[in-house]
Structures are given as C-alpha cells and as structure tokens.
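Presented below is the structure to which this report refers.
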Amino acid sequence: MHKNGDPLPVREIADSWDRDIDYTPPKGVYDPRWFIEGKADDQSSKLSSGLFDKESFQETFSGWAQTIVVGRARLGGIPMGVIAVETCTIECIVPADRADPASFERRIMKLARPISTRSDRFAKPTIWENARRHFYWAVRARIAKSAALVDIAEASPNSTVECRIQSLDSLVQIDSKPEYRKIAEALEKLDLSQTIIQLKVGHFLHRRSN
Numbered sequence: 046m047h048k049n050g051d052p053l054p055v056r057e058i059a060d061s062w063d064r065d066i067d068y069t070p071p072k073g074v075y076d077p078r079w080f081i082e083g084k085a086d087d088q089s090s091k092l093s094s095g096l097f098d099k100e101s102f103q104e105t106f107s108g109w110a111q112t113i114v115v116g117r118a119r120l121g122g123i124p125m126g127v128i129a130v131e132t133c134t135i136e137c138i139v140p141a142d143r144a145d146p147a148s149f150e151r152r153i154m155k156l157a158r159p160i161s162t163r164s165d166r167f168a169k170p171t172i173w174e175n176a177r178r179h180f181y182w183a184v185r186a187r188i189a190k191s192a193a194l195v196d197i198a199e200a201s202p203n204s205t206v207e208c209r210i211q212s213l214d215s216l217v218q219i220d221s222k223p224e225y226r227k228i229a230e231a232l233e234k235l236d237l238s239q240t241i242i243q244l245k246v247g248h249f250l251h252r253r254s255n
C-alpha cells in the first residue's frame with residue numbers, strides 16, 4: 046500500500062511465485078544482476094531464472110554508486126525496490142584538479158566489496174530453492190500488516206504504534222514461530238470491521254470526556 050492509501054499496482058504474471066531459482070552464484074566474483082534477474086547460458090542462451098520475475102528488473106543510477114546495484118523489480122507481480130552489493134571489479138574515475146595545471150584524470154580499477162562464498166553457504170538446497178517463495182510471502186505479510194495497521198491508526202489516531210501492533214497481534218491467531226505464508230494468509234483473511242467500529246466508538250467517547 047502506498048503512503049497515500051492507494052493499493053500497490055500488483056500485476057498478474059506468467060512467472061509463478063512458486064517456482065525455484067535456477068541460478069546459483071558460483072564461488073568467487075560474479076555479477077549480482079545474474080541472481081536478481083537470471084543469467085542466459087553463453088552457448089545455449091537458455092535462461093537460468095533469478096530471484097525476481099522474468100524481465101521485470103530495471104536498474105537505475107548505474108553510473109553513480111557503482112559499488113551497489115539499485116533498481117526496481119517484481120516478485121510474484123508485487124513491485125519492490127532492489128539493492129545488492131556489487132562484487133565485480135569497477136572503474137573508479139578520479140577527476141583532474143582544476144587548480145593544479147599538472148593534474149590529470151586518473152582511472153583506477155577497484156574491486157568492489159566481496160561477498161562470502163564459502164562452500165557451506167549453499168549447503169542446504171531446500172532453503173535455496175525456497176528463497177523465492179520465502180521472500181514472496183514475507184512481502185505479502187508485510188503489505189497485509191501495514192494495511193491493517195493503517196486501518197487501526199485511522200480508527201484510533203491517539204493510540205501509540207506499540208498499542209496498534211499489540212491490538213493487531215491479539216486478533217491474529219498464529220503459531221509462536223509461524224511461516225510468512227501463514228502470517229500473510231491470516232492477516233489477509235482478517236475482518237477488522239467490528240474492531241474498527243469499537244475503536245472509533247472508544248475514540249469518540251474519549252474526545253467527549255475531554
């Protein structure tokens with residue numbers, strides 16, 4: 046949900062949220078964009094799918110902060126921002142000093158911040174295969190929770206954030222260590238109509254008493 050209350054522009058897509066991620070980062074340096082949007086095989090041109098929806102990633106400001114990769118993408122049709130650490134070698138340009146006639150522009154090859162590539166990093170393939178599903182439901186849970194908290198805040202504007210969260214948690218019956226999918230589904234099915242009425246009545250009576 047946008048800050049102005051409008052729903053997110055979620056699209057129906059053919060790239061299922063339930064699919065596996067084909068691309069696995071190798072040991073050593075690699076382009077983080079391959080994990081984000083997938084990588085085409087050099088010989089067969091077959092695409093190994095990445096984390097986000099196919100052909101949805103759009104990089105922005107690529108010529109500025111070159112040690113990170115920033116852009117927009119969709120996950121299961123849900124729009125979101127993307128920030129990743131650049132792990133490849135980048136070219137750093139040091140401009141000439143205009144106050145020094147002997148100064149000149151320098152180009153320095155610099156290794157961007159590396160990411161740990163220990164062999165045990167992907168020792169649990171089940172977690173890796175479920176990464177797309179995990180992030181998808183985490184995002185849906187966050188969206189549903191934010192929307193519910195906005196409704197509660199509008200009905201009870203004088204309440205604190207902590208009280209709103211506690212009120213919402215008391216209405217959602219989930220396990221002590223739930224999965225994001227269970228949280229998202231519980232929040233999306235939650236009917237706040239009676240709670241909103243009670244909060245509005247309580248807020249009205251509180252104003253009358255003051």
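For the sequence shown, the working numbering gives the first residue as 46, with consecutive numbering after it. Glycine included, each C-beta is placed from N, C-alpha and C at the ideal position.
- Within the same chain, ILE128, ALA129, VAL130 and GLU131 come within 8 angstroms of ILE113 by CB-CB distance, once the 5 residues on both sides are set aside.
- For ARG187, the enclosing alpha helix (DSSP H) covers residues 176-200.
- Straight through space, the alpha carbons of VAL55 and ALA192 are spaced by roughly 15 angstroms.
- Sorting ASP214, SER89 and TRP62 by C-alpha distance to the C-alpha of HIS179 places TRP62 at the top.
- Cβ-Cβ separation between ALA186 and ALA229: approximately 4 angstroms, consistent with a contact (criterion under 8 angstroms).
- In this structure, ARG117 is the residue among ARG117, ASP214, SER101 and GLU100 with its C-alpha nearest to the C-alpha of SER107.
- According to DSSP, GLN243 shares a beta bridge with no other residue.
- With contacts defined by Cβ atoms closer than 8 angstroms, LEU237 and ASP196 form a contacting pair.
- Here the C-alpha atom of GLU199 lies approximately 14 angstroms from the C-alpha atom of LEU213.
- Within the same chain, and ignoring the five residues on either side of ILE123 in sequence, the residues whose Cβ sits closer than 8 angstroms to its Cβ are LEU53, VAL55, TYR181, VAL184, ARG185 and ILE188.
- In the DSSP secondary-structure assignment, ALA129 is bridged to VAL114.
- Its Cα nearest to that of ARG119, the residue SER101 stands out among THR205, SER101 and GLN111.
- In the DSSP assignment, VAL206 falls within the alpha helix (DSSP H) that extends over 206-216.
- In this structure, the straight-line span from the alpha carbon of LEU194 to that of GLN243 is close to 15 angstroms.
- Close CB contacts of ASP98 within its chain, under the 6 angstroms cut and outside five residues either way in sequence, are with ILE58, ASP60 and ARG119 (chain order).
- Residue state for LYS84 is assigned as strand, using DSSP reduced to three classes.
- When only Cα atoms are considered, LYS190 and PHE80 end up about 28 angstroms apart.
- In this structure, TYR68 lies near GLY95, with their beta-carbon atoms less than 8 angstroms apart.
- Selection ILE66, ARG209, ILE138 and ALA144 evaluated against ALA110 yields ILE138 as nearest (Cα-Cα).
- When DSSP states are grouped into helix, strand and coil, ARG119 belongs to the strand group.
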